[in-house]
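Residue numbering for the sequence shown follows the working numbering, starting at 6 and increasing by one per position. By construction, the Cβ of each residue, glycine as well, lies at the ideal position given by its N, Cα and C atoms. These numbers come from a predicted model, not from an experiment.
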Amino acid sequence: MTHPLVSQSDIETYQRDGVVLIKGLFVDHVDTLRAGVARNIETPGPYASNNDKPGETGRFFDDYCNWQRIPEFEEVIRESPAAEVAADLMQSKTVQLFHDHVLVKEPGTSMATPWHQDGPYYFVEGAQTVSFWSPLDPVTDASLRCVAGSHRWEKPVLPTRWAKGDAFFDPAPYMPVPDPEAEGMEIREWTMEPGDAVAFNYGTLHGARGNTAGARRRAFSLRLLGDDARYTQRPGPTSPPFPGHEMEQGQRLREDWFPVIYPGRA
C-alpha cells in the first residue's frame with residue numbers, strides 16, 4: 006500500500022524518468038516552512054550565499070544544512086508525509102535524512118540556477134535517492150526544470166560552483182555541463198502552487214530560470230536517502246562538506262548525523 010499522494014504510475018515515472026510531480030506534498034506545512042525560511046534569512050548558517058555574480062541583478066539567497074537549528078524545518082521533515090512518499094518513489098524500506106536546502110530568488114533576480122546534477126557534489130552513491138523541491142510561492146517561469154532520464158546517463162556531469170563557474174574536481178572523469186535546450190533534451194517543468202513538490206533523483210540534471218516576476222520565489226528542498234545509499238570518497242571537498250564525519254568508503258551514513266526518519270511500514 007502506497008501513500009495516498011503516490012500512484013503506481015508516479016512510482017513508474019520516477020523510476021524511468023528520474024523526476025515526477027507530487028501535488029500537495031507540503032500543502033499543510035507551507036506557513037511553517039515560510040516561517041523557517043524567514044528565520045534562515047535572518048540568521049544565515051555557515052554555508053549561506055547570495056550567489057553574487059558580476060552582471061547579474063537581484064538577490065539569489067541559498068543555504069543548507071540548517072534543520073538542527075531551525076525548528077520549523079525539523080517539524081516539517083518529521084511530520085510531513087515526505088519520508089513515506091520518498092520510500093514509495095525510491096522503492097526503499099527505510100528513509101534517511103541527508104540535508105535541507107533553501108533557495109530564494111527575489112523579484113528581478115536575473116541569475117539562473119545552473120544546470121547540474123546533485124549527486125556529483127555529494128559523498129553519497131546509490132540508486133535510491135530523492136530530492137523534493139517545493140515552492141512556497143506560486144511559480145511559473147521560475148519553476149524547477151529537470152531532464153527526463155538523465156539519472157541513467159553513463160557519466161556524471163561535472164560539478165561547478167554556481168557563482169564562479171569553476172569546477173569542483175578534475176574534469177577528466179566527468180561529462181561537460183550540457184545545454185539541454187540547444188541539444189533537444191526532454192525537459193520537464195510545471196506551473197506549481199505552494200506545497201507542491203518536484204521529486205527527482207540525485208542523478209537528474211536540473212536547473213531553474215531567474216525570477217522576472219514581481220514577487221519573490223521561495224523554495225524549500227529536502228534531500229533523502231534509501232536503503233542502498235553509501236558513503237563514497239570524492240576527489241576533493243564535497244558540498245555540503247560535513248567536516249569530521251569520519252565515515253569510510255562503502256559505509257551507510259552515520260545515523261547520529263543523518264537520522265532514519267522513516268523506519269518502514271509496520
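Looking at the DSSP output, Asp233 sits in no beta bridge, so it has no partner there.
Beta-bridge partners assigned by DSSP to Glu194: Arg150.
Between the region 255-271 and the region 159-167, the count of Cβ pairs shorter than 8 Å is below three; the stretches do not touch. Note: Ala202 is bridge-paired with Ile27 in the DSSP secondary-structure output. Asp93 counts as buried, since no fewer than 16 other beta carbons sit within 10 angstroms of its beta carbon. Between the region 179-189 and the region 229-249, the count of Cβ pairs shorter than 8 Å is below three; the stretches do not touch. In the displayed model, Glu251 falls within coil according to three-state DSSP, outside both helix and strand. Annotation for Gln20: the continuous alpha helix (DSSP H) segment containing it runs Gln13 to Asp22. Between Gln13 and Val90, the alpha-carbon positions lie close to 12 Å from each other. Between Leu258 and Gln101, the C-beta spacing is below 8 Å. With distances taken between CA atoms, Ala132 lies nearest to Gly124 out of Ser139, Gly124 and Arg74.
In the structure shown, Ile266 adopts extended strand secondary structure according to DSSP, grouped into three states. Here Gly41 carries a helix assignment [DSSP, helix/strand/coil]. Exposure of Pro268 is indicated by the presence of fewer than 16 other C-beta atoms within 10 angstroms of its C-beta.
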